[in-house]
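Worksheet: the structure to be examined is printed underneath.
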Amino acid sequence: MTESQTPTPEEQPLTERGSNRSQRPTSQAFRTFIADGWGSRPDALPERSPAADHAAARRAALGRLFPGERLVVPAGQLVTRNNDNDYRFRPHSAFAHLTGLGTDQEPDAVLVLHPLGEDDGAATSAAGGASPDDTPTHEAVLYFRPRAGRDTEEFYADSRYGELWVGVRPSLEEISALTGLRAEHVDSLADALAKDVGAGQVRVRVVPQADAAVEAQVATLRAQAGLSEGAADSDAALAEALSELRLRKDTYEIGEVRAAVAATAKGFEDIVRSLPRAVDHPRGERVIEGVFGARAREEGNGLGYDTIAAAGNHANTLHWIRNDGAVRAGQLVLVDAGVEVDSLYTADVTRTIPVDGTFTEAQRRVYQAVLDAADASFARAGQPGVKFRDLHAAAMEVLAARLAEWGMLPGTAEESLDPEGQYHRRWMVHGTSHHLGLDVHDCAQARREMYLDADLEPGMIFTIEPGLYFREDDLKVPEELRGIAVRIEDDILVREDGSVENLSAALPRTPDDVEAWMARLRG
Ligand code: GLY
Ligand code: MN
Ligand code: MN
Numbered sequence: 110m111t112e113s114q115t116p117t118p119e120e121q122p123l124t125e126r127g128s129n130r131s132q133r134p135t136s137q138a139f140r141t142f143i144a145d146g147w148g149s150r151p152d153a154l155p156e157r158s159p160a161a162d163h164a165a166a167r168r169a170a171l172g173r174l175f176p177g178e179r180l181v182v183p184a185g186q187l188v189t190r191n192n193d194n195d196y197r198f199r200p201h202s203a204f205a206h207l208t209g210l211g212t213d214q215e216p217d218a219v220l221v222l223h224p225l226g227e228d229d230g231a232a233t234s235a236a237g238g239a240s241p242d243d244t245p246t247h248e249a250v251l252y253f254r255p256r257a258g259r260d261t262e263e264f265y266a267d268s269r270y271g272e273l274w275v276g277v278r279p280s281l282e283e284i285s286a287l288t289g290l291r292a293e294h295v296d297s298l299a300d301a302l303a304k305d306v307g308a309g310q311v312r313v314r315v316v317p318q319a320d321a322a323v324e325a326q327v328a329t330l331r332a333q334a335g336l337s338e339g340a341a342d343s344d345a346a347l348a349e350a351l352s353e354l355r356l357r358k359d360t361y362e363i364g365e366v367r368a369a370v371a372a373t374a375k376g377f378e379d380i381v382r383s384l385p386r387a388v389d390h391p392r393g394e395r396v397i398e399g400v401f402g403a404r405a406r407e408e409g410n411g412l413g414y415d416t417i418a419a420a421g422n423h424a425n426t427l428h429w430i431r432n433d434g435a436v437r438a439g440q441l442v443l444v445d446a447g448v449e450v451d452s453l454y455t456a457d458v459t460r461t462i463p464v465d466g467t468f469t470e471a472q473r474r475v476y477q478a479v480l481d482a483a484d485a486s487f488a489r490a491g492q493p494g495v496k497f498r499d500l501h502a503a504a505m506e507v508l509a510a511r512l513a514e515w516g517m518l519p520g521t522a523e524e525s526l527d528p529e530g531q532y533h534r535r536w537m538v539h540g541t542s543h544h545l546g547l548d549v550h551d552c553a554q555a556r557r558e559m560y561l562d563a564d565l566e567p568g569m570i571f572t573i574e575p576g577l578y579f580r581e582d583d584l585k586v587p588e589e590l591r592g593i594a595v596r597i598e599d600d601i602l603v604r605e606d607g608s609v610e611n612l613s614a615a616l617p618r619t620p621d622d623v624e625a626w627m628a629r630l631r632g
């Protein structure tokens, strides 16, 4: 090849090079042939999802906060892993919450709550006797990419959306039957978003960081209407409202978290049974991670977050997800793992267990301190008038007292608990509790007064997860405790009567119960 024959990027842009390995036939004869001879689609529409009515109530609650405004809640786009390989799709949690959809069928879908005008029934409903709270404020429409016909190129040639590549996607009628939402083709989204915006009659808010393309569309509309000022704050207020809407779970959500916790408990049993294999493997932590991951995929959508499988001193690294270490007899192994069920609700559970089934005296001492802290927090949660922040305070009172007893604090426990002290936090730098639901750290955009400073309320689900982390190079730790790390994490529900339930109580927590459980599972 002469120099002048060398292909240049101008001749074929890099973005088109992926097709250089394609040998897909392009003849008209092939196109005609592949479009023909397929069986008919099922006549029956899918049943309405058990989440549909709950999602409708959530949409109504959101709509009441933003009357007269268009609210845009994208599912998000597929994310490229490399070249033409995408990560498995998971919709934005706000989209899942407001549609009840939890599968991988919705890349590019967008839920829009269109404001109802007086002509649409917003006012007439109230006039008809409904309470103001029942007055519909919006019409929800799901803009969706339905499956293409078998006579299209998408059917056989589109590896992102095509039926022969990713399976049969629902039709508009099917997705509508499933969700109870009016469904429109995603191609009509742009016009629907723009309606009445240019003249400034309708304000649009979009969930931030869910779908860059939809955000850009909304930004353009705002710019055209001269409404760009304050847009970021306005979208942030929507994100905040969506987060706060999830602080109290409805009965459907509570059931889903229960299912996630039940599957997670099975995964922990699998881990105990796998320990002999983990000990025999040079990367025993990976054996544990893999065993739990298999259970998560068998029972649910997958993991709610990357599993932490940390043996010995690795457990002193709070987010140890590399999990490439050995697992040795005599060590503790800390496993923080949660199954995310198909509806996308997750559990978040930690157990710290002795690899050979028996705690040493030193391990038991640390374990008991953490357990006492968790129990104190749980007891506080069940008392009337408790604020979320009190859960942490209760656990810290126990840990500070125990660390003072062990001579590890520079003063008394009281001095340490003083905001100006806080010496005990050297050995537990993370928080004690967070809300749990569709996201492992759920409701993360809620205001402080709605989260940390809020009263516990029925329907809230949160973790209690104190720990003590004694690194092996920590000279302020008594020698016999160095290298030991313990966390115990449970998922807690506030019931209607204000009492609390430990949803993960099926997994043993006391040292004796842990030992008995391990002995039973290992025969
Ligand atoms: N697994 C993350 C957490 O416990 O918050
Ligand atoms: Mn947690
Ligand atoms: Mn956790």
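In this text, residue positions in the sequence shown follow our numbering: the first is 110, and each later residue adds one.
Note that the Cβ used here is the ideal one computed from N, Cα and C, for glycine as well.
Remember, predicted model here, so these are calculated numbers, not experimental data.
Check: For residue 576, the first and last residue of its enclosing beta strand (DSSP E); Outcome: 576-578
Check: Beta-carbon gap between residue 509 and residue 541 smaller than 8 Å; Outcome: no
Check: Short Cβ contact (8 Å threshold) for residue 489 with residue 480; Outcome: no
Check: Exposure label - residue 529; buried when at least 16 CB within 10 Å; Outcome: exposed
Check: Ligand 3 heavy atom lying under 7 Å from the CB of residue 459; Outcome: yes
Check: DSSP state of residue 288 mapped onto helix, strand, coil; Outcome: helix
Check: Distance cut-off 7 Å: residue 574 Cβ against heavy atoms of ligand 1; Outcome: yes
Check: Residue 296 burial status per 10 Å Cβ neighbour count (16 or more: buried); Outcome: exposed
Check: Cut-off 8 Å between Cβ atoms - residues of its own chain near residue 406, not counting five sequence neighbours on either side; Outcome: none
Check: Beta carbon proximity, residue 356 to chain B, threshold 8 Å; Outcome: Considering every chain present, this structure includes no chain B. It has just one protein chain.
Check: Boundaries (first-last residue) of the alpha helix (DSSP H) holding residue 389; Outcome: 360-389
Check: Extent of the continuous alpha helix (DSSP H) to which residue 623 belongs; Outcome: 620-630
Check: Close beta carbons around residue 623, own chain, < 7 Å, minus the five adjacent residues each side; Outcome: 462 and 617
Check: Cβ shell of residue 605 (< 7 Å), same chain only, five flanking positions each side left out; Outcome: 567
Check: Cα-Cα separation between residue 152 and residue 223, rounded to whole angstroms; Outcome: 31 Å
Check: At least three beta-carbon pairs within less than 8 Å, the region 442-455 to the region 355-375; Outcome: yes
Check: Sequence-distant residues of its chain with Cβ nearer than 7 Å to residue 240 (five each side left out); Outcome: Residue confidence is low: residue 240 scores 44 on pLDDT, short of 50, so the model does not pin down where it sits. No coordinate-derived value is stated.
Check: Span separating the alpha-carbon of residue 158 from that of residue 264; Outcome: 27 Å
Check: Helix, strand or coil at residue 130 according to DSSP, with G and I counted as helix; Outcome: helix
Check: Heavy atom of ligand 2 within 7 Å of residue 598 beta-carbon; Outcome: yes
Check: Residue 589 versus residue 520 - alpha carbon distance; Outcome: 21 Å
Check: Nearest to residue 425 (by Cα), restricted to the options 452, 444 and 183; Outcome: 444
Check: CA-to-CA distance, residue 275 to residue 110, given in whole angstroms; Outcome: Confidence at residue 110 is low in this model, with a pLDDT of 41, below 50, so the placement of that residue should be treated as unreliable; the coordinate-derived value is given next. Looking at the two C-alpha atoms, the distance is approximately 41 Å.
Check: Residue 81 versus residue 560: straight-line alpha-carbon distance, rounded; Outcome: A query on residue 81 cannot be resolved here, the shown segment of the chain reaching from 110 to 632 and no further.
Check: Buried or exposed by the 16-neighbour rule on C-beta atoms within 10 Å, applied to residue 532; Outcome: buried
Check: Strand pairing of residue 463, partner residues [DSSP]; Outcome: 441
Check: Where residue 128 falls, given that 16 or more other Cβ within 10 Å makes a residue buried; Outcome: exposed
Check: Residue 613 and residue 325 closer than 8 Å at C-beta; Outcome: no
Check: Buried or exposed by the 16-neighbour rule on C-beta atoms within 10 Å, applied to residue 142; Outcome: exposed
Check: Reduced DSSP category for residue 167 - H, G, I as helix; E, B as strand; rest coil; Outcome: helix
Check: Residue 539, buried or exposed, once every other Cβ within 10 Å from all chains shown has been counted against 16; Outcome: exposed
Check: Straight-line gap, residue 507 to residue 562 (C-alpha atoms, nearest Å); Outcome: 21 Å
Check: 3 or more residues per run - each beta strand (DSSP E) lying fully within the region 483-512; Outcome: none
Check: Nearest neighbour of residue 573, chosen from 456, 632 and 517 [CA to CA]; Outcome: 456
Check: Beta strand (DSSP E) segment containing residue 190, residue limits; Outcome: 189-191
Check: Residues that residue 293 bridges to, as DSSP identifies them; Outcome: 252
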